[in-house]
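Residue numbers (the working numbering), protein chains in the order written: chain A, 4 to 519; chain B, 2 to 332.
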């Protein structure tokens, strides 16, 4: 028998190569363009897929081992949380609004990108890039499902969680993240990668994931924070994919640079608009605050992002077009969005409330240049009205930006007293925007953005009523009919926190659990 | 005697999410599988048409000719969700890893008779490319499928396919020098015996109907390849010739095939029972792809079983036909 002992030892890189790149082949019975039909039409030129640098070298055996271990721990906590009424350990029932916002507006995006990454994981010609995308696809499945399982317990006891899926497809403010996700999913595979892996995961994740998870940690939400810790290593892999992907595209061909730059401009701006919701959450919804939105922006966007774009300058990439405006907005957007939701509180499936003096002082200290001047007086005015029994609820419908779909509530750069507003006429139709950057995104792809399903416009067209309602009936209440179409439990999911069922139940149950 | 710890009991306002309740007959306690999958995919008010396929909506059941009144009927009898999947695979991986260690530590890979080793490498290593093809098809199925009840198991299946391709790669690297992988790839690309199989798999890469992709890959291809290769070739032929080490190194595959078949059968059975039209279409797909697969596997069976090839292949086809019949498929 041939007893060969001195077998060649493979290096990690070589071994991983056999486990991924080595598996694929160039088709000969079908044209390669038929097998991979989607990776050319965006104009990106790839000359050598072998130059792709593996962002992480994880084979399935190791993946199962790590992830299995993590999920065993995570589910033990989820289980214990449910068994011991962990929800009663949160700081205050107002905190629930933050998780509602996450569940309604962020979790569905996790689920969306499963299919997006599966598509990229099938349709790039390079095997190594495909494997990295597939791992992210299945990770994102993990994130959605673990969020559903942790939030399941909150849903049993509190309002606003129950019809997240139904609301996602219909509710006015959820069309902001929904249109963001669908914009990415309907783009070609390279734009998808720049949108999600680079612009979102790499540049902005610390402004989304970290604030929510730190907010959970600060506010006694054991279930969400355990998920956060558990997802951290997945997130770092996703960030590495983002940075490797962009470097690869930029190095492959100089003609890719302007295309990629256009996508960075677009997706940075779109992402920063979605993040306005996070800003509001951080500054207003967390009873125990982590840091202000402005501070988070300065650390994660200005410092980290600034360094990143200095690094990318050698490829001919400059900071995104909207950068300066987005930086200026750090003093304003969280307040503007909170005021919007406060006034439209009747139409939101989470609660809003008046801030205490202590909380207003905190904001004054964190926003010395803007809060006392522009926002504190309005918040105090609204609080006074509420105290007099005249809680303000807007019932007129706002105008939405055609691109980001946020109601026009942001102010002009350089003038925080003037609502920013732009218009474009395209094929005899007028389109409205919240900013010059959203307008530009539209003008670059008008045939795409004329399709936007704008909730307010749809309501006016009568498309947001349940099929069994009769709008000609004499007692027809259109606002109520729309909220029913959203599947709100009126008076329980929406409106003022003070006096809400969530507030009452939390106080009562905490009393039961902590007093005799 | 029973010990009962008292905990503060709070009566919940509701048991589950409405998208789940609507699919399980009302608001009642729901399983993790149900909360992870039922009613989860977006269904309406989509914003933009895909630039890569403007003829369809972003999420669109018309990407298959199969029609379902309720796509969420196509449930996974294994009730897998991510955590149960990854925890289960981690356990199975531990067993598979122990097998690799056992074979290596006792040098069983070095004591394989030469002709057995050669036969094992000749037959098994090109199949790592077939497993990669399966991975491609399941990613395609995942990205095109309608309803979360298909999307969620699809991506897990795709990752399983990748794991299998990697186990086969490890087998090659353990039994011989890395060059055997190149030799096997050359066989896959130009070796006469492998061309019908590769041709068929490449043709499956251009199928766009997601239910057809599901059926072709997970029912027909796997349903013929796994019993032929892992039950008959590895467990019978090689083992009887002193190659049981190979069976240890591939023990994951037949075990996995048994599990995934439960899913595939569960989906097809319901889709067939839905309508005569579905039944006819699924039967037609099955017949066409089965006949093609049998022809493609014939030269590989000749390599694996020599004179015994016809019996082995016939047994596998009969087994497959019986399985199809049980699902209501006429093929």
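Using N, Cα and C, we set each Cβ at its ideal position, and we do this for glycine too.
What you are looking at is a predicted structure, and each value in this text was computed from that prediction instead of being measured.
Nonlocal neighbours in the same chain, by C-beta distance under 6 Å from residue i, ignoring five residues either side
i: residue 132 of chain A; result: 55
i: residue 203 of chain A; result: 274
i: residue 403 of chain A; result: 410, 457 and 459
i: residue 246 of chain A; result: 205
i: residue 412 of chain A; result: 339 and 343
i: residue 331 of chain A; result: 416
i: residue 136 of chain B; result: 159, 162 and 163
Chain-order list of residues whose beta-carbon lies under 7 Å from that of residue i (same chain, five-residue window excluded)
i: residue 248 of chain A; result: 196, 200 and 201
i: residue 505 of chain A; result: 96, 99, 161, 162 and 354
i: residue 297 of chain A; result: 333, 334, 369 and 370
i: residue 290 of chain B; result: 217 and 221
i: residue 415 of chain A; result: 421 and 423
i: residue 4 of chain B; result: none
is_contact[residue i, chain A] using C-beta, thresh 9 Å
i: residue 159 of chain B; result: yes
i: residue 243 of chain B; result: no
i: residue 206 of chain B; result: yes
i: residue 1 of chain B; result: Only positions 2 to 332 of chain B appear in this structure, which leaves residue 1 of chain B out of reach.
i: residue 167 of chain B; result: yes
i: residue 153 of chain B; result: yes
i: residue 190 of chain B; result: yes
i: residue 271 of chain B; result: no
i: residue 1 of chain B; result: In the structure as shown, chain B starts at 2 and stops at 332, and residue 1 of chain B therefore has no counterpart that could be examined.
Within-9 Å CB hit, residue i to chain B
i: residue 6 of chain A; result: For residue 6 of chain A, the predicted structure reports a pLDDT of 49, less than 50, and the residue's modelled location is therefore unreliable. The matter cannot be settled from this model.
i: residue 171 of chain A; result: yes
i: residue 55 of chain A; result: no
i: residue 27 of chain A; result: yes
i: residue 397 of chain A; result: no
i: residue 442 of chain A; result: no
Candidates the options, of which the one nearest residue i by Cα
i: residue 280 of chain B; options: B/102, B/327, B/296 and B/320; result: B/327
i: residue 359 of chain A; options: A/165, A/296, A/122 and A/288; result: A/288
i: residue 470 of chain A; options: A/451, A/488, A/463 and A/265; result: A/488
i: residue 329 of chain A; options: A/507, A/278, A/24 and A/500; result: A/278
i: residue 287 of chain B; options: B/271, B/276 and B/324; result: B/324
i: residue 123 of chain A; options: B/143, B/122 and B/112; result: B/143
i: residue 108 of chain B; options: B/285, B/247 and B/275; result: B/247
i: residue 307 of chain B; options: B/64, B/276, B/52 and B/239; result: B/239
i: residue 154 of chain B; options: B/79, B/313 and B/19; result: B/79
i: residue 390 of chain A; options: A/218, A/356, A/362 and A/177; result: A/356
i: residue 20 of chain A; options: B/171, B/122, B/28 and B/123; result: B/171
i: residue 260 of chain A; options: A/323, A/114, A/231 and A/392; result: A/323
i: residue 149 of chain A; options: A/179, A/231, A/135 and A/168; result: A/231
i: residue 132 of chain B; options: B/163, B/121, B/196 and B/105; result: B/163
i: residue 33 of chain A; options: B/120, B/159, B/41 and B/202; result: B/202
i: residue 82 of chain B; options: A/281, A/407 and A/144; result: A/144
i: residue 191 of chain A; options: B/54, B/42 and B/6; result: B/54
Contact set for residue i: own chain, Cβ-Cβ below 8 Å, skip 5 residues either direction
i: residue 29 of chain A; result: 35
i: residue 4 of chain A; result: A caution first: residue 4 of chain A carries a pLDDT of 43, below 50, which makes its placement in the model too unreliable to give a value.
Q.
Any contact between the segment 83–97 of chain A and the segment 260–276 of chain A? By contact I mean 3 or more CB pairs, one from each, below 8 Å.
A. Two segments are said to touch when three or more pairs of C-beta atoms, one from each, lie closer than 8 Å; by this definition the segment 83–97 of chain A does not touch the segment 260–276 of chain A.
Q) Are there three or more Cβ pairs, one per stretch, closer than 8 Å when the segment 12–19 of chain A is compared with the segment 104–118 of chain A? A) No: fewer than three Cβ pairs fall under 8 Å.
Q) What are the complete alpha helix (DSSP H) segments, minimum 4 residues, inside the segment 127–215 of chain A? A) As far as the segment 127–215 of chain A is concerned, its whole alpha helix (DSSP H) runs of at least 4 residues are 130–160, 167–171, 178–189 and 192–195.
Q: Would you check if there are 3 or more beta carbon pairs closer than 8 Å linking the segment 175–188 of chain B to the segment 67–87 of chain B?
A: No contact exists between the segment 175–188 of chain B and the segment 67–87 of chain B.
Q: Would you be able to state if there are at least three C-beta pairs under 8 Å between the segment 36–54 of chain B and the segment 86–95 of chain B?
A: No, they do not touch.
Q) Do three or more CB pairs link the segment 202–210 of chain B to the segment 31–45 of chain A at distances below 8 Å? A) Verdict: yes, contact present.
Q: Mind the definition here: the segment 188–196 of chain B touches the segment 262–271 of chain B only if three or more C-beta pairs lie below 8 Å; say whether that holds.
A: These segments do not touch.
Q: Flag this pair as touching only if the segment 247–261 of chain B and the segment 219–233 of chain B have three or more C-beta atom pairs under 8 Å; answer yes or no.
A: Cβ pair count under 8 Å is three or more, so yes.
Q) Do the segment 172–185 of chain A and the segment 249–264 of chain A meet, that is, are 3 or more Cβ pairs less than 8 Å apart? A) The answer is no - the segment 249–264 of chain A does not touch the segment 172–185 of chain A, with fewer than three Cβ pairs under 8 Å.
Q) What residue ranges within the segment 190–230 of chain B form continuous beta strand (DSSP E) runs of no fewer than 3 residues, ordered along the chain? A) As far as the segment 190–230 of chain B is concerned, it has no whole beta strand (DSSP E) run of at least 3 residues.
Q.
For the segment 162–174 of chain B against the segment 62–70 of chain A, do three or more pairs of beta-carbon atoms, one drawn from each stretch, fall closer than 8 Å, so that the two count as touching?
A. The segment 162–174 of chain B vs the segment 62–70 of chain A: in contact.
Q) For the segment 89–96 of chain A against the segment 205–225 of chain A, are there 3 or more C-beta pairs whose distance is under 8 Å? A) With a cut-off of 8 Å, the segment 205–225 of chain A and the segment 89–96 of chain A count as touching, because enough Cβ pairs lie within range.
Q | Segments of 4+ residues assigned as alpha helix (DSSP H) that fall wholly inside the segment 244–275 of chain B | A | The segment 244–275 of chain B contains these whole alpha helix (DSSP H) runs: 245–250 and 253–275.
Q) Fully enclosed by the segment 238–316 of chain A, which alpha helix (DSSP H) runs are 4 residues long or longer? A) Qualifying alpha helix (DSSP H) stretches, in chain order: 259–277, 279–283, 296–299 and 309–315.
Q) Can you list, in chain order, the stretches of the beta strand (DSSP E) that have 3 or more residues and sit fully within the segment 405–493 of chain A? A) For the segment 405–493 of chain A, whole beta strand (DSSP E) runs of length 3 or above, ordered along the chain, are 418–422, 425–429 and 432–436.
Q: Kindly provide the ranges of any beta strand (DSSP E) runs that are 3 or more residues long and lie completely inside the segment 102–178 of chain B, ordered along the chain.
A: Correct list: empty.
Q) Does the count of Cβ pairs from the segment 211–222 of chain A and the segment 4–15 of chain B closer than 8 Å reach three? A) Touching, no.
**Q.** Contact the segment 423–441 of chain A vs the segment 302–320 of chain A: 3+ CB pairs below 8 Å
**A.** Segments in contact, no.
Q: Return the chain-ordered ranges of every alpha helix (DSSP H) run that is complete within the segment 9–81 of chain A and spans a minimum of 4 residues.
A: Secondary structure within the segment 9–81 of chain A: the alpha helix (DSSP H) runs of 4 or more consecutive residues, fully enclosed, are 15–22 and 35–38 (chain order).
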